[in-house]
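Just below is one structure, and these are the notes that go with it.
2 protein chains.
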Amino acid sequence: MSELRRDPIIGRWVIISTERAKRLLENKKEFEKTSDQSCPFCMGNENMTPREILAYRETAKPKDSDGWWLRVIPNKFPALKVEGTLNRQGEGMYDKMNGLGAHEVIVESPHHTKQIPDLPDKHVEDIIWAYRDRIMDLKRDIRLEYAMIFKNHGHSAGATLAHPHSQLIATPIVPKRVREEVNGSKDYFEYKERCVFCDIIKQETQFGQRIVSENEDFVALCPFASRFPFETWILPKLHDSDFEDIQKHEAVNLAVVLKDVLGRINRVLDNPSYNYVIHTAPLKESRLPYYHWHIEIIPKLSNVAGFEWGSGFYINPTPPEEAAKFLREI
Amino acid sequence: MSELRRDPIIGRWVIISTERAKRLLENKKEFEKTSDQSCPFCMGNENMTPREILAYRETAKPKDSDGWWLRVIPNKFPALKVEGTLNRQGEGMYDKMNGLGAHEVIVESPHHTKQIPDLPDKHVEDIIWAYRDRIMDLKRDIRLEYAMIFKNHGHSAGATLAHPHSQLIATPIVPKRVREEVNGSKDYFEYKERCVFCDIIKQETQFGQRIVSENEDFVALCPFASRFPFETWILPKLHDSDFEDIQKHEAVNLAVVLKDVLGRINRVLDNPSYNYVIHTAPLKESRLPYYHWHIEIIPKLSNVAGFEWGSGFYINPTPPEEAAKFLREI
Numbered sequence: 013m014s015e016l017r018r019d020p021i022i023g024r025w026v027i028i029s030t031e032r033a034k035r036l037l038e039n040k041k042e043f044e045k046t047s048d049q050s051c052p053f054c055m056g057n058e059n060m061t062p063r064e065i066l067a068y069r070e071t072a073k074p075k076d077s078d079g080w081w082l083r084v085i086p087n088k089f090p091a092l093k094v095e096g097t098l099n100r101q102g103e104g105m106y107d108k109m110n111g112l113g114a115h116e117v118i119v120e121s122p123h124h125t126k127q128i129p130d131l132p133d134k135h136v137e138d139i140i141w142a143y144r145d146r147i148m149d150l151k152r153d154i155r156l157e158y159a160m161i162f163k164n165h166g167h168s169a170g171a172t173l174a175h176p177h178s179q180l181i182a183t184p185i186v187p188k189r190v191r192e193e194v195n196g197s198k199d200y201f202e203y204k205e206r207c208v209f210c211d212i213i214k215q216e217t218q219f220g221q222r223i224v225s226e227n228e229d230f231v232a233l234c235p236f237a238s239r240f241p242f243e244t245w246i247l248p249k250l251h252d253s254d255f256e257d258i259q260k261h262e263a264v265n266l267a268v269v270l271k272d273v274l275g276r277i278n279r280v281l282d283n284p285s286y287n288y289v290i291h292t293a294p295l296k297e298s299r300l301p302y303y304h305w306h307i308e309i310i311p312k313l314s315n316v317a318g319f320e321w322g323s324g325f326y327i328n329p330t331p332p333e334e335a336a337k338f339l340r341e342i
Numbered sequence: 013m014s015e016l017r018r019d020p021i022i023g024r025w026v027i028i029s030t031e032r033a034k035r036l037l038e039n040k041k042e043f044e045k046t047s048d049q050s051c052p053f054c055m056g057n058e059n060m061t062p063r064e065i066l067a068y069r070e071t072a073k074p075k076d077s078d079g080w081w082l083r084v085i086p087n088k089f090p091a092l093k094v095e096g097t098l099n100r101q102g103e104g105m106y107d108k109m110n111g112l113g114a115h116e117v118i119v120e121s122p123h124h125t126k127q128i129p130d131l132p133d134k135h136v137e138d139i140i141w142a143y144r145d146r147i148m149d150l151k152r153d154i155r156l157e158y159a160m161i162f163k164n165h166g167h168s169a170g171a172t173l174a175h176p177h178s179q180l181i182a183t184p185i186v187p188k189r190v191r192e193e194v195n196g197s198k199d200y201f202e203y204k205e206r207c208v209f210c211d212i213i214k215q216e217t218q219f220g221q222r223i224v225s226e227n228e229d230f231v232a233l234c235p236f237a238s239r240f241p242f243e244t245w246i247l248p249k250l251h252d253s254d255f256e257d258i259q260k261h262e263a264v265n266l267a268v269v270l271k272d273v274l275g276r277i278n279r280v281l282d283n284p285s286y287n288y289v290i291h292t293a294p295l296k297e298s299r300l301p302y303y304h305w306h307i308e309i310i311p312k313l314s315n316v317a318g319f320e321w322g323s324g325f326y327i328n329p330t331p332p333e334e335a336a337k338f339l340r341e342i
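Residue numbers (this note's numbering), protein chains in the order written: chain A, 13 to 342; chain E, 13 to 342.
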């Protein structure tokens with residue numbers, strides 16, 4: 013069983029997960045696998061994974077069989093598990109609790125090599141619906157405070173399997189970075205009586221220089237204070253704090269903009285590794301007037317060095333105006 | 013000129029530095045250089061660097077000549093520069109200022125391949141004195157709020173030159189992560205009327221399981237809520253918030269414990285890349301009863317994946333008790 017431990021100085025919770033150590037050993041060479049025969053996420057290998065949580069498949073087929081086009085399964089080496097009680101306790105001056113939560117894998121398609129930009133719009137939309145379905149389901153578990161959807165693409169972005177997949181981790185605490193964002197937005201709202209993200213969208217679309225792509229419902233931009241070269245955010249134009257509130261027409265347009273932006277990143281940066289994370293409100297804090305869900309995409313171009321780690325202070329050699337120009341004009 | 017930009021949501025300052033972009037191009041293959049002839053940090057190549065700020069050398073020799081055993085120079089591709097005015101200004105809703113500050117390189121010795129564990133104790137002590145000398149000097153510049161000393165060792169830890177060196181970046185703002193640490197310690201102090209780091213040292217030395225190494229003045233331990241496998245902190249036993257207050261006997265013992273800990277990390281993890289950062293109080297907030305300077309060492313063993321980036325939430329597969337046992341018993 014893994015354990016959640018709280019740093020006594022800045023209050024950051026860390027997952028200490030011995031299960032994951034096994035993964036490091038077992039999967040060391042998994043990534044290089046190209047044969048679809050041995051890939052647990054490929055069609056026909058359903059018995060190589062834990063039992064599926066959700067799948068979109070032809071109706072006649074049974075669970076854990078083939079015929080699916082999207083499949084959600086528990087992570088084989090979960091950082092957190094749904095079984096057990098939370099059991100908050102002290103250890104002298106320290107605070108800890110059981111590693112309760114969820115850790116799931118969203119296998120985005122049966123194709124071993126097809127990335128999001130290669131899939132039909134409708135299929136990418138289904139990935140978005142799968143993200144939403146899982147959040148809606150986990151929201152019913154009152155022990156959980158946050159559900160984070162993220163994608164590690166490429167080895168240097170932390171992926172251990174090449175087959176395209178996203179992940180979901182649900183935690184019994186609100187992660188520190190999320191709490192900072194929600195609180196920071198709240199401070200701005202209290203001062204200005206406006207959502208900071210709505211203000212960003214307004215200023216950026218007027219200014220234009222940091223815009224990457226835009227459609228009816230979404231805008232993609234390189235943020236003013238980008239931490240990383242080519243960091244790109246996708247924001248819904250209509251204010252909403254909760255990703256899972258997404259409307260049908262928005263899901264359609266999010267699929268379009270996500271494909272477009274990842275395609276641009278691939279062309280400009282020659283298919284880099286990248287991470288994206290959906291930033292959304294905590295599960296028990298819905299419909300906030302001051303928070304605005306969005307997706308942050310970070311291409312992995314250089315190693316983050318000591319200064320960044322120690323300080324939370326980033327040196328970005330590529331101004332976002334230049335990055336956006338490259339991405340916009342390709 | 014680089015620019016400091018503030019994220020309007022969480023208030024994090026980022027350096028947008030176009031000078032650094034040049035470095036990425038120029039230094040791409042610098043790291044592989046083994047010939048001491050072409051290394052700008054080797055003895056005899058003093059003309060390949062900007063003019064030195066400080067050097068420890070035989071007294072008869074002039075500045076920027078050979079005969080030194082430690083040398084501090086400006087970074088050739090500085091993220092921040094001392095010239096100019098701060099010039100805080102708005103850009104619509106955003107805040108920015110000139111990239112004013114300092115970015116220096118501490119060339120630890122003339123030896124191209126000798127790492128800290130390979131140097132005599134006295135030489136490592138001189139590295140510590142050089143760190144202090146530079147902080148003391150920069151402290152006189154009232155425009156500066158923070159001086160961070162850090163070391164990137166190895167390519168995957170962000171080093172672009174192999175010759176052993178540390179860096180100093182001084183900033184006109186207190187970095188967010190530092191502010192969080194100082195404020196978090198203050199909250200603890202207000203609640204408990206004790207320094208949280210002093211409490212950690214007391215509990216850890218009594219408990220013993222997370223201790224790596226210890227001498228009269230310092231303790232090295234793997235922290236309870238370690239973010240990374242084999243993360244190790246070195247803390248002075250005597251409370252002090254400011255690294256630059258270090259006493260002679262402490263500098264002697266810090267050299268010993270630093271050599272010892274880095275040597276243990278090298279032996280257990282087979283000479284990994286690593287970063288270390290000196291965490292010390294802001295320049296204008298000296299002698300704080302609640303903050304406690306220390307060094308955080310982070311070996312670079314695996315890629316930090318999307319979950320960590322997005323959430324500020326870390327999954328560590330190696331319990332610190334196990335890491336400390338390995339490091340202690342080697």
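From the three backbone atoms N, C-alpha and C, an ideal C-beta is built for every residue, glycine too.
Cβ pair residue i, residue j closer than 7 Å
i: Gln-215/A; j: Gly-104/E; result: yes
i: Leu-180/A; j: Arg-146/A; result: yes
i: Arg-24/E; j: Asp-107/E; result: no
i: Ile-128/A; j: Ile-327/E; result: no
i: Phe-242/E; j: Ala-335/E; result: yes
i: Ser-225/E; j: Val-264/E; result: no
i: Leu-7/E; j: His-167/E; result: Examination of residue 7/E is not possible in this model, given that chain E is present from 13 through 342 alone.
i: Val-280/E; j: Ile-223/E; result: no
i: Asn-87/E; j: Asn-287/E; result: no
i: Cys-210/E; j: His-251/E; result: yes
i: Pro-284/E; j: Val-208/A; result: no
i: Val-231/A; j: Ile-213/A; result: yes
i: Pro-122/E; j: Met-13/E; result: no
i: Tyr-203/E; j: Val-186/E; result: no
i: Pro-272/A; j: Lys-249/A; result: The amino acid at residue 272/A is misidentified as Pro; the sequence shows Asp. No.
i: Leu-92/A; j: Arg-155/A; result: no
i: Phe-240/A; j: Ile-310/A; result: yes
Whole-number beta carbon distance between residue j and residue i, since they are thought to touch under 8 Å
i: Phe-325/A; j: Lys-312/E; result: At roughly 18 Å, the Cβ-Cβ gap does not stay under 8 Å, so Phe-325/A and Lys-312/E are not in contact.
i: His-115/E; j: Cys-51/E; result: Actually they do not touch by this definition, with Cβ atoms about 20 Å apart.
i: Val-136/A; j: Phe-53/A; result: No, Val-136/A and Phe-53/A are not in contact; Cβ-Cβ is about 17 Å, not under 8 Å.
i: Thr-30/A; j: Pro-235/E; result: Going by Cβ atoms, the distance from Thr-30/A to Pro-235/E rounds to 17 Å, so no, they are not a contact pair.
i: Asp-76/A; j: Ala-267/A; result: Their Cβ separation, rounded to whole angstroms, is 27 Å, which puts Asp-76/A and Ala-267/A out of contact at 8 Å.
i: Leu-339/A; j: Thr-244/A; result: 7 Å
i: Tyr-303/E; j: Ser-253/E; result: 4 Å
i: Phe-89/E; j: Val-289/E; result: Not really, about 20 Å apart at Cβ, beyond 8 Å.
i: Asp-78/E; j: Glu-58/E; result: 7 Å
i: Leu-16/E; j: Met-109/E; result: 5 Å
Proximity test, Cβ basis, 7 Å: residue i and chain C
i: Arg-17/A; result: Here chain C cannot be found, since the structure's protein chains are A and E.
- prompt: Do the segment 79 to 96 of chain E and the segment 133 to 141 of chain E meet, that is, are 3 or more Cβ pairs less than 8 Å apart?
  reply: yes
Using a Cβ-Cβ cutoff of 8 Å, what residues of the segment 326 to 338 of chain E are near chain A? List them in chain order.
Tyr-326, Ile-327, Asn-328, Pro-329, Thr-330, Pro-331, Pro-332
What residues in the segment 120 to 138 of chain E have a beta carbon less than 8 Å from any beta carbon of chain A?
-> none
The segment 193 to 205 of chain A / the segment 160 to 176 of chain A touching (three or more Cβ pairs under 8 Å): no
message = Under 8 Å: do the segment 283 to 302 of chain E and the segment 145 to 159 of chain E share three or more Cβ pairs, one atom per stretch?
response = Contact holds: three or more Cβ-Cβ distances are below 8 Å.
(message) Tell me which residues of the segment 81 to 107 of chain E have at least one Cβ-Cβ distance to chain A shorter than 7 Å, keeping chain order.
(response) Ala-91, Gly-104, Met-105, Tyr-106
Got a sec: which bits of the segment 193 to 205 of chain A sit with their beta carbon under 9 Å from any beta carbon on chain E, in order along the chain? Residues passing the 9 Å Cβ filter: Glu-193, Asn-195, Gly-196, Ser-197, Asp-199, Tyr-200, Lys-204.
For this session: Counting only runs of 3+ residues fully inside the segment 41 to 89 of chain A, write out the beta strand (DSSP E) ranges in chain order.
Result: 66 to 69, 80 to 86
query: Using a Cβ cut-off of 8 Å, which residues of the segment 217 to 250 of chain A contact any Cβ in chain E, in chain order?
result: Phe-219, Pro-235, Phe-236, Ala-237, Ser-238, Arg-239
Q) In chain order, which continuous runs of the alpha helix (DSSP H) of length 4 or greater are located wholly inside the segment 254 to 297 of chain E? A) 260 to 281, all fully within the segment 254 to 297 of chain E.
query: Using a Cβ cut-off of 9 Å, which residues of the segment 287 to 299 of chain A contact any Cβ in chain E, in chain order?
result: Asn-287, Tyr-288, Val-289, Ile-290, His-291
In the segment 171 to 190 of chain A, which residues sit with their C-beta less than 8 Å from some C-beta in chain E, listed in chain order?
Ala-171, Gln-179, Ile-181, Thr-183, Pro-187, Lys-188, Arg-189, Val-190
Kindly provide the ranges of any beta strand (DSSP E) runs that are 3 or more residues long and lie completely inside the segment 167 to 229 of chain A, ordered along the chain.
177 to 183, 223 to 226
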